[in-house]
Each structure stands twice: as C-alpha cells, then as structure tokens.
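Asker:
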Amino acid sequence: MAKIKPMTIGNFLRLVKGRGVKKLPLIAGHKLLYSCNLRCRMCPFWRRKDEKLLTLEEEVKMMNALQRAGVLFMGFEGGEPLLRRDLPQILEESSKRFYTSLVTNGWLLKDKIDEIKDYIDNLFVSIDGIGEVHDKLRGIPGSFERAVEGIKESVKRGIPTSISFTLTNENLHEIFKVIELAEKLEVSVSIQIAYDYSTAEKLSPKKRDEVRHVIEGILELKRRGKPIIESEKYFEAIINSWFHEIPWICKPWLTINIDPQGRIVLPCYVLNEYQGSEKVWEVDIIKLWNEYDWGRYSNCNKCALACYLEPSLFTWKDYRIVRERIIEPMFSIIFDYI
Ligand code: SF4
Ligand code: SF4
C-alpha cells in the first residue's frame, strides 16, 4: 500500500531545506551489492567483485543522511538485492523514511516475497522478452519462468508491481509481446534502453530506423492507455534527441547514487566518477550538490535511463507531465486509503 506519512514528512523537510539552496537530490538509487545469480550479457555489475558491503547499521546511517539531504524516493538494486539476508530489515528501515522500490531479476522472488512484502511501495521485476529470448539475454535458462512466477506472487499480495524491460539489439520487437504479457499479469511496464558499458557486451540497439519505429510504436501504445510507466514526454525526448538533434537538458543532480560500499557515484552511475572514498554519511551532501559542476553534463544525452531522464524532464509548466507524475499518483494514493 502506498505510504502517506513518509512522503508528507519528506516533502515538508524538502520544502524547508530547499529554501536558499538551489539543488537537492530527490531520488536515491542504492546498489546493495554487485553479486548476482544471473549473467545478463549487457550488464557490467555481476562482473565486479564485491568488497565489504555496508552493515545494516551503516545502511541506516546512509538513509538518515539521504533523508536529511531531501531525498523522498529510495530505490534498491544490485546485483541481485534478494541475495542479501538482511534485505527485509533494510527495506523496513527505508519504508519508515522513503517511498521505497526494489528492482529484482525475480529468480528468488517467490521464496522471499513474504519477507519483504510489507516494506515496498513498488516492485520492479526484469523481463527482457518472452521465454528463451529473455533466458538468452539473462544468461540462465529458466529465468523467464521464475520471474513470471515471482510477479504472480507479488500481484497476489497486492504489491504494485512492474516489469522492467531493457530494449537491446536482440529484443527490440519483444517489447510489444511483453506489454501484452503485462496486461495479462495485471502489472505495468517500465522501459529502459540498453547503454553500452565498456565492461559488458555491447547490445544497445543499433539500427536507427528500427529503433525509431519501435519507440514510436511504444509511444502510440502509451497514448492509447497501455500500462507503460514512463511518460509520453520521455519517449518524445528520446525521439527528439536521437533523431532530430534536439537534446534534453540532463539534470543528474536530481538522482543520487550510492554504491555497495556507501560511496556517492557522480555525476551519475553511467559516467561513474567517484567523489573520493568517503561514505555518504561523512559528506555534506547539500554543500557538495551545490558546488559540483553539474553544468558540464546538462547537454549530455549519452544514456536514456529513465531514472535520470524522467526527473530531468519534469517542469511545473507542463500540465501533461504534472498530471501524469503528480495529480494521478496523488489520486491513486488517496483512493488506496478510502
Ligand atoms: S539481473 Fe541485473 S544485476 Fe544481475 S546480471 Fe542481470 S542486469 Fe546485472
Ligand atoms: S545523459 Fe545519462 S550519462 Fe549523461 S549525464 Fe545524464 S544520466 Fe549521466
């Protein structure tokens, strides 16, 4: 169920602390670990070795620091977060402070769902195609079946659940089948476009005409009311930047990323430049946020990751995006409670 309390307190803190400072992070993304039980070909993270992970106490310190800096939304990811035994406790702490989401590959979801169900506001389960298409991209046979089983268990427990789909060179047209699957499972779909990391297989979509055709097709389905999370403006921005050379202004400062050792990754986790070796709770985040040279990145349109692009597009002047991102979610929270 959506939580009113942490959002209200967080919004209030943000209002007070936001006075007199220009930039505050709104969303936090935290990789709990790099280890993973899948072997996705386009993913650099499972290839990294985990150093000492944060303890539960350190996770709490991190959350307190983020809350003080104005963060309202907390997203946990990995690696595979369900591999952490203390995940339920971490999520419980997060749910007291933030609107909390979790990204999982779904392999362990059926077994672990009851441990985490009370602490998440949104669950994202990765599916990159139907059956073997998914298994081939994710590197482990049977991963599609396990992800679908996990989604069904999550839906049964009333958790707002979404499929997270990554468009690559090898699954461009599968998105339309996955949107149909989402409708059958009564979940929504979040669509990402693969980014080529130097340490993983380069699978980002390459055929320009085909990519454009697929993105336009998705946009059309979004306009027809299919359960696609990203806004119309998100897909329009990608089309404008990639095919008409009209860039969006990237505002990576709206999202703060914390690695498994508790360090801030700047300016975003794609460009991945570290701010020293200090832990996030040892840093004056608000000072750093207002001194960092974000201007260097405002014309960077290298990735179209929704966690950066969607907030970058937000403006109170655009009624369509205010309706989709503020008014409609507000009504859904109110209707959850009546
Ligand atoms: S499930 Fe996620 S973390 Fe694991 S290998 Fe795939 S993309 Fe990487
Ligand atoms: S476009 Fe992507 S890579 Fe570039 S600054 Fe923004 S988030 Fe980072």
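With this note's numbering applied, the sequence shown corresponds to residues 146 to 483, in that order. Built from N, CA and C at the ideal position, the CB exists for glycine as well. Values in this document were obtained by computation on a predicted structure and should not be read as measured data.
#1: Which residues share a DSSP beta bridge with leucine 312?
#2: How far does the beta strand (DSSP E) with leucine 379 in it extend, from its first residue to its last?
#3: Let me know the secondary structure DSSP gives serine 443 once reduced to three states.
#4: Compute the distance between the beta-carbons of glycine 224 and tryptophan 252, then report whether it is under 9 Å.
#5: Strictly under 9 Å for the Cβ-Cβ distance: is isoleucine 374 near chain D by that measure?
#6: Along the alpha helix (DSSP H) that carries leucine 411, what are the first and last residues, could you check?
#7: Smallest Cα separation from leucine 450: which of Ile391, Phe218, Asp438, Leu416?
#8: Sorted by chain position, which residues of the same chain lie with C-beta nearer than 6 Å to valine 359's C-beta, five sequence neighbours on each side aside?
#9: Have a look at threonine 311 and glutamate 203 and give me their C-alpha separation to the nearest angstrom.
#10: Just how far apart, CA to CA, sit arginine 302 and glutamate 294?
#11: Check phenylalanine 221 in the structure and name its three-state DSSP category.
#12: Going by DSSP, which residues form a beta bridge with histidine 175?
#13: Drop a sphere of 10 angstroms on the beta-carbon of proline 286, count the other beta-carbons inside from all chains shown, and report buried for 16 or more, exposed for fewer.
#14: DSSP three-state label for glutamine 212, please.
#15: Taking all protein chains shown into account, do 16 or more other C-beta atoms lie within 10 angstroms of the C-beta of tyrosine 419, making it buried, or fewer, making it exposed?
#16: Using the three-state DSSP reduction, which class does leucine 454 fall into: helix, strand or coil?
#17: What residues in its chain sit with their C-beta under 6 Å from that of lysine 396, if we drop five residues either side in the sequence?
#18: Taking 8 Å as the line, does the beta carbon of asparagine 446 fall inside it for any heavy atom of ligand 2?
#19: The alpha helix (DSSP H) with valine 323 in it runs from where to where?
#20: Give me the DSSP bridge partner(s) of isoleucine 373.
Answerer: Put simply:
#1: Counted from its first residue, the sequence shown places residue 312 at position 167. Answer is Ile338.
#2: Locating residue 379 in the sequence shown gives position 234, where the first residue counts as 1. Checking the displayed sequence, the identity of residue 379 turns out to be tyrosine instead of leucine. Taken as a continuous stretch (DSSP letters only), tyrosine 379 belongs to no beta strand (DSSP E), being part of the alpha helix (DSSP H) at 377-389.
#3: The residue labelled residue 443 in the question sits at position 298 within the sequence shown. Residue state, collapsed to three classes: coil.
#4: The residue given as residue 224 occupies position 79 in the sequence shown. The residue given as residue 252 occupies position 107 in the sequence shown. Not closer than 9 Å, so no.
#5: As a matter of chain content, chain D is missing from the structure shown, which is built from one protein chain.
#6: Mapped onto the sequence shown, residue 411 falls at position 266. Per DSSP, leucine 411 belongs to no alpha helix (DSSP H); it is in the beta strand (DSSP E), 409-411.
#7: One-based indexing of the sequence shown puts residue 450 at position 305. Among Ile391, Phe218, Asp438, Leu416, the Cα nearest to that of leucine 450 is on Leu416.
#8: As a first step, residue 359 must be located in the sequence shown, where it is residue number 214. Cβ neighbours of valine 359 beyond the five flanking positions: Leu317.
#9: Walking along the sequence shown from the start, residue 311 turns up at place 166. Walking along the sequence shown from the start, residue 203 turns up at place 58. Going from the Cα of threonine 311 to the Cα of glutamate 203 covers about 31 Å.
#10: Taking the first residue of the sequence shown as position 1, residue 302 is located at position 157. Taking the first residue of the sequence shown as position 1, residue 294 is located at position 149. Using only the alpha carbons, I get a separation of about 13 Å.
#11: As a working note, residue 221 is residue 76 in the sequence shown. In the structure shown, phenylalanine 221 sits in a strand (DSSP, three-state: E or B).
#12: One-based indexing of the sequence shown puts residue 175 at position 30. DSSP lists Phe221, Ile403 as partners of histidine 175.
#13: Taking the first residue of the sequence shown as 1, we reach residue 286 at position 141. Under this definition proline 286 is an exposed residue.
#14: Sequence index remark: in the sequence shown, residue 212 carries index 67 (1-based). Helix.
#15: Numbered from 1 along the sequence shown, position 274 holds the residue referred to as residue 419. Its Cβ having fewer than 16 others within 10 Å, tyrosine 419 is exposed.
#16: The residue labelled residue 454 in the question sits at position 309 within the sequence shown. The answer is helix: DSSP assigns leucine 454 an H, G or I state.
#17: On the sequence shown, position 251 is the one that residue 396 refers to. Contacts found: Ser457.
#18: Mapped onto the sequence shown, residue 446 falls at position 301. Checking every heavy atom of ligand 2 against the Cβ of asparagine 446, one is found closer than 8 Å.
#19: Here residue 323 refers to the residue found at position 178 when the sequence shown is read from its first residue. Unbroken alpha helix (DSSP H) run through valine 323: 319-330.
#20: Position 228 of the sequence shown holds residue 373. Isoleucine 373 pairs with Val334.
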